[in-house]
Amino acid sequence: MNLRAPLSTAVAIGFGLLVLLGIFIPDLADLRNRILTWAMLLAAMALLLGLLNLFQVHYQRIRAKEKSVYSLVLIVAMVITFALTLLQGSDSASAEWVFNYIVVPIETSLMAVLAISLTLAAARTFQHRTDLMNLVFIGTLLVLLLGAGPLFGMELPYFTGVLSPYINNVLALGAMRGLLMGVALGTITTGVRILIGADRPYGA
Amino acid sequence: MSTPHHNPDENLPDWLRELRRKQSEQAAEDAAEQAAASANASTEANEPAAEQEPDWLAEIRKRHQADGGDSDERALSDTQPNRPFRLDSRPLNIPAFDAEEAAPSDETKARPEWLDEADDEDEIQTESDYASPFGDDIDEAEELEANELPSWLQPPSESSPKTNPFYMGDFDDEPMLTPAEVENAGPLAGLSGVLPAEPEVAKIGRSPVFSTRLEVSESQRRHASVLHTLIASETETREDFASTVKRPARLLNWLMAGAMLLAALLPLLNGQLAAPRPEAQHLPEGAAMFNGIDTLPAGAPVLVVFDVQTALYGEVRAAASPVISHLLDRQARLIFISTQPTGPALAERLLQSDFAQVPLVASNDYISLGYLPGGMAAVRSFASDPRSAPLSAPATFTQPWQRASLQAIQSVDDFALVLLVVSEGEDARMWLEQATPELSKGLMVVSSAQAAPLLRAYLNMQPSIVDGLVAGVSGGAHYERLRAKETFSFIYWDSYSYQLGVAILVILLGGLYGRVIHTPGQANKAKVSA
Chain A
12 MNLRAPLSTA VAIGFGLLVL LGIFIPDLAD LRNRILTWAM LLAAMALLLG LLNLFQVHYQ
72 RIRAKEKSVY SLVLIVAMVI TFALTLLQGS DSASAEWVFN YIVVPIETSL MAVLAISLTL
132 AAARTFQHRT DLMNLVFIGT LLVLLLGAGP LFGMELPYFT GVLSPYINNV LALGAMRGLL
192 MGVALGTITT GVRILIGADR PYGA
Chain B
39 MSTPHHNPDE NLPDWLRELR RKQSEQAAED AAEQAAASAN ASTEANEPAA EQEPDWLAEI
99 RKRHQADGGD SDERALSDTQ PNRPFRLDSR PLNIPAFDAE EAAPSDETKA RPEWLDEADD
159 EDEIQTESDY ASPFGDDIDE AEELEANELP SWLQPPSESS PKTNPFYMGD FDDEPMLTPA
219 EVENAGPLAG LSGVLPAEPE VAKIGRSPVF STRLEVSESQ RRHASVLHTL IASETETRED
279 FASTVKRPAR LLNWLMAGAM LLAALLPLLN GQLAAPRPEA QHLPEGAAMF NGIDTLPAGA
339 PVLVVFDVQT ALYGEVRAAA SPVISHLLDR QARLIFISTQ PTGPALAERL LQSDFAQVPL
399 VASNDYISLG YLPGGMAAVR SFASDPRSAP LSAPATFTQP WQRASLQAIQ SVDDFALVLL
459 VVSEGEDARM WLEQATPELS KGLMVVSSAQ AAPLLRAYLN MQPSIVDGLV AGVSGGAHYE
519 RLRAKETFSF IYWDSYSYQL GVAILVILLG GLYGRVIHTP GQANKAKVSA
C-alpha cells in the first residue's frame, strides 16, 4: 500500500492549519514561528540543491558536447566563485570584486540593452499590426513618457502636471487595486484548496 | 311478457335427431366404463402399497396419528436421515396465488375420499424414496410436461444468461437444480453432478490475437500530428533573427540605438544641468517620507530591507541614495536585511560607493543581518520574532543581535522606521502584507519606476500601510529637491530628460515609417506576388 500520498497530504494540511491558527490564537504563535523557521531552512537547502542541479545539467551537456563551450564557462565561473566565497567568506575582497566588477555590470548592461530594444520594438509595432489596441497601447506609452519628466530640458506642464498624474493616480491605480483584489481572492482560494487537499502542489 | 321457449331440435330432420341421440347414449356408456376402470385401478394400487409398507413405517404412522395427526409429510420427515436443509427449512418459491385456481373445482368436489387418500399416499411414497438431493427431483421434473411446470421451474431458455458456462448466479437466487450431466473427460469421467472439466473449461488452444494497432479517427490523427509538430519545433534551433532582418532595417535600428546612447551620454560628459527641476508638489508621497525621516531622533534604529535585483540596481540607486543620505544625516542606525541572495552585497556596494566618507559608514556603525531565505514565510517569521530567524550574516557582522544598536529590538515594531528598498513590486507586496500586521505604523518604500503603480495602491489606506513612496529617477530627483541637496539623482537628470525625448521621437518616427512607408510597400509586393 502506497502511504506516501496520504501521508504527505496529511502533513501539508496539518502544518498549514497550524500556521493559520497561529495567526488567530496567540498561544500557537511560538509553534507557528518554529514551523516557519523550518520552512526557511528548507528554502536555504533548496537553493543549494538548485545550484547542484545547475552543475549537473551543464556537466551532462559538456559530456554530450552540446553547446559545451557555454556550459564549460558557466561551470568554471560557478566553481571559482563558490570556492572563493566558501573559503574566504561572502564579504571578502575577492568575492566582492567578482560581484562588483563582473556580476553587476553584466546584469545592468543587459537591462540597458532591454530598454533600447523595447523602444525599437515600440517603433516597429505599426509595421506588423495596426489596430485599435495597438493604437491605445502606443498612445498610452507616449502620454506616460511625455509626463515622466522634461523633454530635452523643456517642461510640458499639461503632461507632467495634469495628464500623467491622472493616468497614474486614477486609471492605473484603479486597475491595480482591482488586480490586487483578484490576487487576494485567488490567494484565499488557493490556500483553502490546499488546506482541504484539493490542490497538492507538493506532488502527492 | 314471456319469451316462448324453442327446442333447437324441433327444426332438425329426423335422421339428424336420431344420430344425435345415438351419439349421446354412446358418450354416456364410455364415461361409465372409464369411471369403473379408474376405480378398479385405484383399489389395486392402494392395497399393495399398504401391504408393502414396512413395519417401522407403519409404527411411526400410528404413533403420529395417535399424537394428533399432522400432515403425512410432516409425520414422515424424521424418517429421512441427513435430509437437505434446503428442502426442510427454506420456503419454496411458490408463484403468485390464484384464488380461482386454488378453489376446488366441481370435479374435485365430486372425487371420492378414497381417491384423495390414494393421491396422498403416492406423495408420501415419492418423498420416502428420496435419496439424492438433486438427481431424483430432477428426474421427476423431467417426467412432468413442460406446460404443467410453473415459470420458475421452466428450464432456462437459450437466451438466458444462465446458459453462459461462466454464469455463477445471483446471490439471492434460489439454488438451481440443473440437469445432471455426466462427465466425459478427466479423472471424474462417468460421474454426474460434477463441475465440468475438459473440454469446456480447460480448453487447450491458441489464445485470441488482439490487434495492437490504435484505432483513431481522422480528426484525432490530425490533432496528434499538430501536437507532434509543436513538440518537435521546441527542440529545433531557431533561425537567428538578426540574419533575417534586411540591411536597411538593420541600419535603421543601429541609427536609433546610437541616437539613444548619445542622448544618454552627452549630458553626462557635458556636466551642465540644463533640464528644469521637478516640482515638489507633484510628489506628495515623497514629502510624507521626507517628513517621517526628518522627525527621527538621532541614533534611532532603522530597518532597511534591501530587496534589489542586480539588473535594476542602477535605477534603484538613483532613488535610494537621497533617502539613505537623509537617514545618515539624521544619525540613524541602519540595519540591512534582504530576501534576495544578492541583496546584502548590493547594499554594501551602495554604502561603499556613495557614503564611504560618512562617519557612520566609515566606522562600520551599521549592521547587515544578511540574507533571509524562505520568501514569504521567512518575512512572516522575521516580523513575528526577528531574533529567532535564521540569518546568513556576513563574517564581519557575527552575532548581530549582541550589538548595542539591536539590544532593545525584540520585535519588528521596535524599529523606529522600516524602509523597503525594492526593485520589484511583488517583493514589496510580500513585506507589506506579511510585516504590517506586526507594525503599529506604516512603512516607507523606495522602488523602481515599474513597481510604483502597484505600490501606489497601498498609499493613503486606513490603517496605514505605506506612509511614503519614492519611485524611480524622477522620485529621487523630487526628494533631492525637497532636501535642497542635489548630489545623486541630478547627475542623471539631464540624461534622463534627453533620453525621454529621443525615445518619444524614435517611437513616433518609427510608427510613421511603418504606417506610411513600409506597410504600403509590403502591400504592393503582396499584390504583385498574388
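Residue numbers (the working numbering), protein chains in the order written: chain A, 12 to 215; chain B, 39 to 568. Yeah, the Cβ is synthetic: ideal placement off N, Cα and C, and Gly gets one too. A quick note: this is a predicted structure, and the numbers were derived from the prediction, not measured.
Beta carbon proximity, residue i to chain A, threshold 8 angstroms
{"i": "LEU342(B)", "result": "For the sequence presented, residue 342(B) should be read as Val rather than Leu. It does not: the Cβ of VAL342(B) has no partner Cβ on chain A nearer than 8 angstroms."}
{"i": "HIS320(B)", "result": "yes"}
{"i": "VAL508(B)", "result": "no"}
{"i": "ARG425(B)", "result": "no"}
{"i": "MET482(B)", "result": "no"}
{"i": "ALA442(B)", "result": "no"}
{"i": "MET499(B)", "result": "no"}
{"i": "PRO360(B)", "result": "no"}
Min CB distance residue i to chain B below 8 angstroms
{"i": "THR138(A)", "result": "A small fix is needed here, since residue 138(A) is Gln in this sequence, not Thr. It does; some Cβ of chain B falls within 8 angstroms."}
{"i": "LEU121(A)", "result": "yes"}
{"i": "ILE86(A)", "result": "no"}
{"i": "LEU52(A)", "result": "yes"}
{"i": "GLU77(A)", "result": "no"}
{"i": "THR92(A)", "result": "no"}
{"i": "LEU47(A)", "result": "yes"}
Residue span of the beta strand (DSSP E) that contains residue i, given as start and end
{"i": "ARG467(B)", "result": "It is not in any beta strand (DSSP E) - ARG467(B) instead sits in the alpha helix (DSSP H) that spans 463-473."}
{"i": "TYR409(B)", "result": "405-409"}
{"i": "ALA509(B)", "result": "504-509"}
{"i": "ARG371(B)", "result": "371-376"}
{"i": "MET144(A)", "result": "Not the beta strand (DSSP E): MET144(A) falls in the alpha helix (DSSP H), residues 143-158."}
{"i": "VAL456(B)", "result": "455-460"}
{"i": "VAL22(A)", "result": "From DSSP, VAL22(A) is part of no beta strand (DSSP E) but of the alpha helix (DSSP H) over 15-35."}
{"i": "LEU444(B)", "result": "Counting along the chain, LEU444(B) falls outside any beta strand (DSSP E), and DSSP gives it neither H nor E."}
{"i": "MET482(B)", "result": "481-485"}
Residue-level contact to chain E via CB, residue i, 8 angstroms cutoff
{"i": "ASN64(A)", "result": "Structure shown: chain E not included; protein chains present are A and B."}
Bounding residues of the alpha helix (DSSP H) (the contiguous stretch that carries residue i)
{"i": "VAL84(A)", "result": "79-99"}
{"i": "ASP532(B)", "result": "527-550"}
{"i": "MET122(A)", "result": "115-134"}
{"i": "SER271(B)", "result": "256-272"}
{"i": "LEU233(B)", "result": "Premise fails: LEU233(B) is in no alpha helix (DSSP H) and is neither H nor E."}
{"i": "LEU190(A)", "result": "183-206"}
{"i": "ILE178(A)", "result": "Segment: none, ILE178(A) is in no alpha helix (DSSP H) and carries neither H nor E."}
{"i": "LEU52(A)", "result": "40-75"}
{"i": "GLN390(B)", "result": "381-392"}
{"i": "GLY413(B)", "result": "413-422"}
{"i": "GLU107(A)", "result": "104-109"}
Beta-carbon proximity list for residue i, same chain, < 6 angstroms, skipping 5 on both sides
{"i": "MET298(B)", "result": "VAL540"}
{"i": "ALA169(B)", "result": "Only weak support exists for where ALA169(B) lies, its pLDDT of 47 falling under 50; the value from the coordinates is given anyway. The answer is none, since no qualifying residue turns up."}
{"i": "ALA431(B)", "result": "LEU407, GLY408, PRO438"}
{"i": "ARG418(B)", "result": "GLN472"}
{"i": "SER143(B)", "result": "Residue confidence is low: SER143(B) scores 49 on pLDDT, short of 50, so the model does not pin down where it sits. Its coordinate-derived value is still stated next. Answer for SER143(B): no residue qualifies."}
Cross-chain neighbours of residue i in chain A, by beta carbon under 8 angstroms
{"i": "ALA495(B)", "result": "LEU184, MET187, ARG188, LEU191"}
{"i": "ASN291(B)", "result": "LEU131"}
{"i": "ILE542(B)", "result": "LEU153, LEU156, LEU157, LEU162"}
{"i": "LEU457(B)", "result": "None at all; the shortest Cβ gap to chain A is about 22 angstroms."}
{"i": "ARG521(B)", "result": "Ordered by position in chain A, no residue passes the 8 angstroms Cβ test against ARG521(B), which lies about 19 angstroms from the chain."}
Chain B contact residues for residue i, given Cβ-Cβ distances below 7 angstroms
{"i": "ARG135(A)", "result": "GLY548, GLY552"}
Interface residues of chain B facing residue i [CB-CB closer than 9 angstroms]
{"i": "VAL114(A)", "result": "THR348, THR380, ALA383"}
{"i": "SER101(A)", "result": "PRO382, ALA383, GLY408, TYR409, SER430, PRO432, ALA433"}
{"i": "THR201(A)", "result": "Per Cβ cutoff of 9 angstroms: no residues; THR201(A) is ~13 angstroms from chain B at best."}
Sequence-distant residues of its chain with Cβ nearer than 8 angstroms to residue i (five each side left out)
{"i": "LEU268(B)", "result": "none"}
{"i": "ILE205(A)", "result": "ALA23, ILE24, GLY27, ARG211, PRO212"}
{"i": "SER486(B)", "result": "LEU350, GLU353, VAL354, ALA357, VAL460, SER461, GLU462, ALA509, GLY510"}
{"i": "ALA446(B)", "result": "PRO339, ASP452"}
Under 8 angstroms by beta carbon: chain B residues contacting residue i
{"i": "ILE149(A)", "result": "ILE545, GLY549"}
{"i": "GLY8(A)", "result": "Past the boundaries of the shown model lies residue 8(A); chain A is included only from 12 to 215, so the question cannot be answered."}
{"i": "GLY96(A)", "result": "Reading off the sequence, residue 96(A) comes out as Thr, not Gly. Per Cβ cutoff of 8 angstroms: no residues; THR96(A) is ~10 angstroms from chain B at best."}
{"i": "LEU58(A)", "result": "PRO379, PRO411"}
{"i": "ALA23(A)", "result": "Per Cβ cutoff of 8 angstroms: no residues; ALA23(A) is ~14 angstroms from chain B at best."}
Proximal residues to residue i (C-beta, below 7 angstroms), its chain only, five neighbours per side dropped
{"i": "LEU42(A)", "result": "LEU29, GLY33"}
{"i": "TYR534(B)", "result": "VAL511"}
{"i": "ALA326(B)", "result": "ASP505, GLY506"}
{"i": "LEU146(A)", "result": "none"}
Contacts that residue i makes with chain A (C-beta to C-beta distance below 7 angstroms)
{"i": "MET294(B)", "result": "LEU131, ALA134"}
{"i": "TYR351(B)", "result": "VAL115, THR119"}
Open item on the list: So within the segment 321-352 of chain B, which uninterrupted beta strand (DSSP E) runs reach at least 3 residues, ignoring any that extend past its ends?
Closed with: 339-345
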